[in-house]
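Numbering (the UniProt record's numbering), first residue to last: 1 to 607. For every residue, glycine included, the Cβ atom is placed at its ideal position computed from N, Cα and C. In what follows, a structure is listed as structure tokens, so that the remarks can point back to it.
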């Protein structure tokens, strides 16, 4: 194990916007020709006008979605806009209309040598224009060293799962028994490969593929009106049927993972054994602990989380097995082992980030208890172990189970699936999912809701009425802002996850009487009518983010930046379960067809 963490941190740190203490500054050139940023700025208005023309054809059909597209990694679907290049099956690649030979002839060369400069290619890709000057500065060696640390390496410190003696099959055995039937189902579906199951419209290609049935996802199905179902079960079904913790009344997220992966409800004994297996693999390698300890305490929790998960690729069984030669039909086994190892370590990573960033560092408040469940150990490592914190532990069980999976089209799930389709190991794949989760349009919503609610509380009378809340809602909308925590890409009814968390809180007087919770509850009753009158949202109802942040706040977690890290612990459940199935079914690398705006406009006009 040999990593210079500080060097890697410095190199990656140079990529974020920051005061240029040691960053490499681009040299300023004196030239009569515009620089890259100016050239781009001049090109943007025309491109925006082109986009308007294309949007005028939003309902035009430009293709079909066939079964083979959905099974085949979206191959061939013109489902995304890509301006820089177009790949033709016969002509090959063209960069803004130029072939490779054109580029070799036209693009500027280095001061020595005869080949085109990659900087020049970047300029062409970005602006569609050719220029002779390139005022850019890159420290390639430093960045290369940093990124090189991400390659698959021999798993010298891999953790082995303990084997149990039991009359009931463990999770891996249960999955192994389920794979043959699923493979047969895949064969039956493939027999219909040329059947059309949908249309591709211009609005799909421009709109982030929204609504396209373009990928396989086994664990859950999201209905616009019913909400999420996990292998046919509603949230209420799961709360009733899935095993609970030794204390508390809420379903265990480990049981949810079992259901997502196998389609079966495990017994209490099976889940207890699985919880122990996770606890036994929860310890982090020493180099990851050191890496986390060396990070600046004000580095965003999600940046720390994604980097630590990526670094665990050092222990990957899949990467080592693939390097040594592995039958494709067996890919799922080391993928399973890596996924369990990662799930086991997610709470430890998240707790260590919390300890370093908000509690002054040092040892975690508690060691992992082999006799306790995944959520209890996470709570204990956050300083909320023991009988006096049972309500928080139960909330965490519910939260982690509810946030684990929500179909495959959301950014974190899709990013994990996409990167995994290239046969990247589960650590690298889920690191990509975490970085998607960190985006303001995805996993940061809970903290935005809480901030907005606290601002409302400060700006309305202490003895507020419904009229005060309604007026504040309108003032938010009339100022051009959105009301956070409302609406959803798919749902057109209140989010059942929101309802489950609100039911949990309402049943506990200490939460129900919390003034911040009461404001959230009143807001959820009034906001839908305001949003309907405002008329700019397809779904005026609260989503899960409306309730989750306020509950963490109630239990003393006021560091809103950290909320997404808790989400990151949970979201591993669904994407990692699907990643195992991707390997078991031999699903291909994802490769949709992109199209530029000019090409899209031509096709739309001729449709």
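Inset, instruction - Taking the CB atoms as reference points, tell me whether residue 491 and residue 227 lie closer together than 8 Å. - result: Counting from one through the chain shown, the residue named residue 491 turns up at place 491. Counting from one through the chain shown, the residue named residue 227 turns up at place 227. Contact flag set, yes.
Review point. Closest by CA to residue 72, which one among 589, 597, 241, 102?
Key: Counted from its first residue, the chain shown places residue 72 at position 72. Taking only the C-alpha atoms, the option nearest residue 72 is 589.
Practice item. Taking the CB atoms as reference points, tell me whether residue 212 and residue 79 lie closer together than 8 Å. Key: Within the chain shown, the letter at position 212 stands for residue 212. Within the chain shown, the letter at position 79 stands for residue 79. In contact: residue 212 and residue 79 (Cβ atoms closer than 8 Å).
>> Looking only at its chain, what residues have a beta carbon closer than 8 Å to the beta carbon of residue 82, apart from the 5 residues adjacent to it on each side?
In response: On the chain shown, residue 82 is found 82 positions in, with the first residue counted as 1. Closer than 8 Å at Cβ, skipping near neighbours: 594, 595, 596.
Verify whether the separation of the beta carbon atoms of residue 310 and residue 574 is less than 8 Å. Sequence index remark: in the chain shown, residue 310 carries index 310 (1-based). Sequence index remark: in the chain shown, residue 574 carries index 574 (1-based). In this structure, residue 310 keeps its C-beta atom at 8 Å or more from the C-beta atom of residue 574.
Practice prompt. Keeping to the same chain, check which residues put their C-beta closer than 8 Å to that of residue 608; ignore five residues upstream and five downstream.
Written response: An answer regarding residue 608 cannot be provided, because it is not within the stretch 1 to 607 covered by the chain.
In three-state DSSP terms, what is residue 94? Mapped onto the chain shown, residue 94 falls at position 94. Strand.
Count the other CB atoms, across all protein chains shown, that sit within 10 Å of the CB of residue 418; report buried if there are 16 or more and exposed otherwise. What you label residue 418 is simply residue 418 of the chain shown in a count that begins at 1. Residue 418 comes out buried.
Is it a yes or a no for the region 199-208 touching the region 278-297, going by three-plus beta-carbon pairs under 8 Å? no
What did DSSP end up calling residue 198 once you bin it into helix, strand or coil?
-> For the purposes of this step, residue 198 is taken as the residue at position 198 of the chain shown. In the structure shown, residue 198 sits in a strand (DSSP, three-state: E or B).
Please classify residue 407: is it buried, with 16 or more other beta-carbons within 10 angstroms of its beta-carbon, or exposed?
As a first step, residue 407 must be located in the chain shown, where it is residue number 407. With 16 or more other Cβ atoms within 10 Å, it is buried.
Q) Taking Cβ positions, are residue 444 and residue 564 nearer each other than 8 Å? A) In the chain shown, residue 444 corresponds to position 444, counting from 1. In the chain shown, residue 564 corresponds to position 564, counting from 1. Result yes, Cβ atoms of residue 444 and residue 564 sit closer than 8 Å.
From what residue to what residue does the beta strand (DSSP E) around residue 222 run?
-> Residue mapping note: residue 222 aligns to position 222 of the chain shown, counting from 1. Note, residue 222: beta strand (DSSP E), 220-223.
ask   = For residue 409, which three-state DSSP category applies?
value = Translated into positions along the chain shown, residue 409 becomes position 409. Coil at residue 409, not helix or strand.
*asked:* From the DSSP secondary-structure annotation, give me the bridge partner or partners of residue 87.
replied: Here residue 87 is taken as the residue at index 87 of the chain shown, counted from 1. Paired residues: 93.
Checklist line | Burial state of residue 553, where buried means 16 or more other Cβ atoms lie within 10 Å | finding: In the chain shown, residue 553 corresponds to position 553, counting from 1. The residue in question, residue 553, is buried, as its Cβ has 16 or more Cβ neighbours within 10 Å.
- Item | Given 8 Å, three or more beta-carbon pairs between the region 58-75 and the region 98-115 | No, the region 58-75 does not touch the region 98-115.
Start and end residues, alpha helix (DSSP H) containing residue 529
If you number the chain shown from 1, residue 529 lands on position 529. Run containing residue 529: 515-534, per the alpha helix (DSSP H) assignment.
What did DSSP end up calling residue 275 once you bin it into helix, strand or coil?
Within the chain shown, residue 275 is the residue found at index 275, counting from 1. Helix at residue 275.
Next on the checklist: Measuring alpha carbon to alpha carbon, tell me which residue in 568, 512, 474, 582 is nearest residue 529.
Outcome noted: Taking the chain shown and counting its residues from 1, the one referred to as residue 529 is at position 529. With distances taken between Cα atoms, residue 529 lies closest to 474.
- Who does residue 116 pair with in a DSSP beta bridge? Residue mapping note: residue 116 aligns to position 116 of the chain shown, counting from 1. The partner list for residue 116 (beta bridge, DSSP) reads 109.
### Outcome for residue 611 when other beta-carbon atoms lying within 10 angstroms are tallied against a minimum of 16
Outside the shown range of the chain (1 to 607) lies residue 611, about which nothing can therefore be said.
- [ ] Decide yes or no for the touch test of the region 253-265 against the region 568-583: beta carbon pairs closer than 8 Å, at least 3 of them.
- [x] yes
* Thinking C-alpha only, which one of 323, 531, 498, 426 is nearest residue 476? -> Start at 1 with the first residue of the chain shown, and residue 476 comes out as number 476. Closest by alpha carbon: 531.
TODO: Could you pull out every residue in the same chain whose Cβ sits closer than 8 Å to the Cβ of residue 150, ignoring the five residues on either side in sequence?
DONE: Residue 150 sits at position 150 when you count from the first residue of the chain shown. Model confidence at residue 150 stands at a pLDDT of 40, short of 50, so the residue's coordinates are unreliable; what they give is reported in the following sentence. 310, 313, 428.
- Bridge partners of residue 64, per DSSP? As a position in the chain shown, residue 64 is number 64, starting the count at 1. For residue 64, which the question treats as bridged, DSSP gives the partners 199.
Do residue 466 and residue 522 have their C-beta atoms within less than 8 Å of each other? The count along the chain shown starts at 1 and reaches residue 466 at position 466. The count along the chain shown starts at 1 and reaches residue 522 at position 522. Yes, the Cβ-Cβ distance between residue 466 and residue 522 is below 8 Å.
Rounded to whole angstroms, what's the CA-CA distance from residue 173 to residue 101? Just pull it up for me. Counted from its first residue, the chain shown places residue 173 at position 173. Counted from its first residue, the chain shown places residue 101 at position 101. Each residue's alpha carbon lies about 55 Å from the other.
Residue 143 by DSSP, collapsed to three states: which one? Working through the chain shown from its first residue, we reach residue 143 at position 143. Bear in mind that the predicted position of residue 143 carries a pLDDT of just 36, short of 50, making it unreliable; the figure below should be weighed with that in mind. Correct three-state label for residue 143: helix.
Check: If you follow the beta strand (DSSP E) that residue 74 is part of, which residue opens it and which one closes it?
Finding: Taking the chain shown and counting its residues from 1, the one referred to as residue 74 is at position 74. Unbroken run through residue 74: none, as it is neither H nor E.
For residue 80, list the residues DSSP reports as bridge partners. Position 80 of the chain shown, counting from 1, holds the residue named residue 80. DSSP output for residue 80 lists 594 as bridge partner(s).
Q. Run through DSSP, which three-state label would residue 601 get?
A. Within the chain shown, residue 601 is the residue found at index 601, counting from 1. Helix.
Okay, do the region 299-306 and the region 348-363 touch, 3+ Cβ pairs below 8 Å being the bar?
yes
**Prompt:** Shortest alpha-carbon distance to residue 341 belongs to which of 421, 413, 328, 425?
**Reply:** Stepping through the chain shown from its first residue, residue 341 is reached at position 341. Answer by Cα proximity: 425.
Next on the checklist: Can you tell me which residues form a DSSP beta bridge with residue 227?
Outcome noted: As a first step, residue 227 is located in the chain shown; it is residue number 227 there, counting from the start. Answer by DSSP bridge pairing, in chain order: 223.
message: For a quick check, are the C-beta atoms of residue 498 and residue 543 less than 8 Å apart?
response: Here residue 498 corresponds to residue number 498 of the chain shown, with the count starting at 1. Here residue 543 corresponds to residue number 543 of the chain shown, with the count starting at 1. Yes, these two residues count as a Cβ contact at 8 Å.
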